[in-house]
Amino acid sequence: MNVCPKCGTSNRPEARFCRKCGGHLPPTPTPSATCSYCGAALRPGARFCKQCGKPVAVTTSATGARSTCSNCGKSV
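Here my numbering is used: the first residue of the sequence shown is 5, the next is one more, and so on.
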């Protein structure tokens, strides 16, 4: 959801201009990570998904190998 900084109207994430006042909307940031269980966007540094509550599985960017258990959060 993209909220207009001028009037506070909610707009579609891909919208560039407010549907109510026509004001310019800032680009919606693309999430850097998503939950492997439900697909929700994760905040940087999150340990648990805010949507489903499952522990976040941390992966390394070079290999994609898990460094923590996605079920219990313990190191592997």
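Glycine is no exception: its CB is placed at the ideal position from the N, C-alpha and C atoms.
Small disclaimer: the values here were computed from a predicted structure and weren't measured.
For Arg47, collect the residues of the same chain with a Cβ closer than 8 Å to its Cβ; drop the 5 residues on either side in sequence, then sort them by chain order.
Lys54
Contact set for Ala19: own chain, Cβ-Cβ below 8 Å, skip 5 residues either direction:
Asn6 and Leu29
Distance, Pro17 Cα to Gly49 Cα
23 Å
Alpha carbon to alpha carbon, what distance is there between Pro59 and Lys78?
10 Å
Expressed to the nearest angstrom, what Euclidean distance is found between the alpha-carbon atoms of Cys22 and Cys76?
43 Å
For Cys25, count neighbouring Cβ atoms within 10 angstroms of its own Cβ and tell me buried if that reaches 16, exposed if not.
exposed
Pick out whichever of Cys11, Gly27, Lys10 and Cys56 has its Cα sitting closest to the Cα of Ser40.
Cys56
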